[in-house]
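Engineer: According to my numbering, the stretch in the sequence shown is residues 88 to 257, in order.
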Amino acid sequence: MKRIIRERIFIGCEGLGERALVMALHRFIESWQRQNGLSSTATVEPYIARGGSPHLVVVKSIKERDRLARQGRFASAFALVDNDRLREDGQEASTRASAQRKELILVVQDTNLECLLGRLLALDFALGPQRAGQELVKLWPNYCKSFDAPTLQAKLTHPMVCVLAQSDDS
88 MKRIIRERIF IGCEGLGERA LVMALHRFIE SWQRQNGLSS TATVEPYIAR
138 GGSPHLVVVK SIKERDRLAR QGRFASAFAL VDNDRLREDG QEASTRASAQ
188 RKELILVVQD TNLECLLGRL LALDFALGPQ RAGQELVKLW PNYCKSFDAP
238 TLQAKLTHPM VCVLAQSDDS
């Protein structure tokens, strides 16, 4: 029997909502793989930076990734930050440079988590921030920032994940 090696993927997250998004997507993809007779080859390890500026999220994520890497290397490492905060905090260039220097891939949400969720649930990534927020409230009336991965996973559909990945199911 062929042994499947699971790659470790580190994802630094600003808060609980981003962590829930990461885990919901990971669980959704694993479920889809099982349903289609495929084996999962990744282990996602999210880290919650507990807020702060995007620069602080990157710095904390680098430290945590390096600490956890003593238990085995990561195939990839990411930090998930908000575009609106990245532009506001005046440290965009140094944040991007720090991430690049330490081989941390910066994933920038346009504009923030709530906008991303509104666009995702509406299947319309052309929505502006205000309209995306309105769609989120309309499509998820009891939304609160402290949602968990199973709650979001229950709302996800295959087309949503494909749109998010800018892919199709072929």
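Just so it is clear, CB atoms sit at the ideal spot from N, CA and C, and this is done for glycine as well.
Measure from the alpha carbon of residue 251 to the alpha carbon of each residue in 227, 132, 200 and 230, then state which is nearest.
Structural biologist: The shortest C-alpha separation from residue 251 is found at 200.
Engineer: In the DSSP assignment, the beta strand (DSSP E) including residue 133 goes from what residue to what residue?
Structural biologist: Counting along the chain, the beta strand (DSSP E) containing residue 133 begins and ends at 129-135.
Engineer: Per DSSP, what are the beta-bridge partners of residue 164 in this structure?
Structural biologist: Answer by DSSP bridge pairing, in chain order: 97.
Engineer: Quick one: what's got a C-beta closer than 7 angstroms to residue 140's C-beta in the same chain, skipping five residues either side?
Structural biologist: Contacts found: 172, 176 and 178.
Engineer: List the residues that DSSP assigns as beta-bridge partners of residue 240.
Structural biologist: DSSP, once it has assigned bridges, lists no residue as partnering residue 240.
Engineer: Under three-state DSSP, which class holds residue 193?
Structural biologist: Note: residue 193 maps to strand in three-state DSSP.
Engineer: Between 151, 206, 242 and 190, which lies nearest to residue 132 when the distance is taken from Cα to Cα?
Structural biologist: Of 151, 206, 242 and 190, the residue nearest in Cα terms is 151.
Engineer: Near residue 104, which residues of its chain fall below 6 angstroms by C-beta distance, leaving aside the five closest residues on each side in sequence?
Structural biologist: Cβ within range, chain order: 200 and 232.
Engineer: Based on the DSSP output, what are the partners of residue 169 in its beta bridges?
Structural biologist: Looking at the DSSP assignment, residue 169 forms a beta bridge with 196.
Engineer: If we count Cβ pairs, one from each stretch, closer than 8 angstroms, do we get three or more for the segment 107-123 versus the segment 234-253?
Structural biologist: Flag = yes, the segment 107-123 and the segment 234-253 touch.
Engineer: Rounded to whole angstroms, what is the Cα-Cα separation between residue 169 and residue 100?
Structural biologist: Those two C-alpha atoms are separated by around 10 angstroms.
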